[in-house]
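What follows is a single structure, written as structure tokens, with notes after it.
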Amino acid sequence: MFNRKQILFTLAIVALGISSSFARNILEKKMFYLTNNNKQGQAIYWVIYLGNFDLKLNRKFPGEPEQQIDASVNFNYLSSGYIEGNGYSAKGKIDCLPTMEIKNESGERQIKSDSIDFIYDYGSKVQLINGEKGEFIINVEGDRQTAKKFLMREYKQQVLYGEKILKEGSEETYVAAIAFTKEGLARAVKEQAKIDANQ
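Spelled out as structure tokens, the structure:
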């Protein structure tokens, strides 16, 4: 029989493995942010939780034709530059990689992370480097959604047994806006102030 210390040690190793597996997807990308209480900061390795979504997705399973399934999926915007979706359905684990879009009077079109100047209004609006503004859209295989949350968690690089790993380094922080340069954050702060003044 395992004693209590052995069980706790085993659980700690399992938890570390899960955390490390997720963290391996996170690449370095400096980001400047404005919190919901107007504090500014910056992070290098980060994940922004965009919310949980109930979706209908088309999937093919072994021995079965492609079918539409109901899924509950959590979306995270990673410093690696993309949005990752993970969740579950009655058929088991589900994952997907939605694209990012901007929506304005010109229509909807896909954008990349490196074309973004800043995202503001708690993840609902975006301004591109070229100055174009619009709604920030999460396109999940044709099902377009907007962020329900804009909750950041920072990761810190540590050395464990000679290997560099990323571990959660902060509490979850509600952010009103993010940018990828100091100048971009200054512009985001101004735009966010206009929105806050009208509420």
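Residue numbering for the sequence shown is 495 to 693, as defined by the numbering used here. Glycine included, C-beta positions come from ideal geometry on N, C-alpha and C.
Within 9 Å, strictly: CB atoms of residue i and residue j
i       : j       : result
Glu-560 : Cys-590 : no
Trp-540 : Arg-681 : no
Ile-718 : Leu-544 : Residue 718 is absent from the model: the chain starts at 495 and stops at 693.
Pro-592 : Gly-581 : no
Ile-520 : Leu-572 : yes
Lys-676 : Phe-547 : no
Straight-line gap, residue i to residue j (C-alpha atoms, nearest Å)
i       : j       : result
Phe-516 : Tyr-649 : Reliability fails at Phe-516, whose pLDDT of 49 lies under 50, so the model's placement of it is uncertain and the value that follows must be treated cautiously. Distance between the alpha carbons of Phe-516 and Tyr-649 is about 11 Å.
Lys-523 : Lys-554 : 35 Å
Asn-633 : Phe-569 : 11 Å
Glu-626 : Asn-692 : 22 Å
Gly-557 : Leu-549 : 23 Å
Glu-602 : Glu-665 : 34 Å
Ser-566 : Ser-583 : 6 Å
Residue i: first and last residue of the uninterrupted beta strand (DSSP E) it sits in
i       : result
Gln-604 : 601 to 605
Leu-528 : 525 to 529
Glu-629 : 627 to 634
Burial state of residue i, where buried means 16 or more other Cβ atoms lie within 10 Å
i       : result
Leu-679 : buried
Ile-596 : buried
Asp-615 : buried
For residue i: DSSP bridge partner residues
i       : result
Asp-564 : Lys-550
Ala-537 : Met-525
First and last residue of the uninterrupted alpha helix (DSSP H) at residue i
i       : result
Leu-679 : 676 to 691
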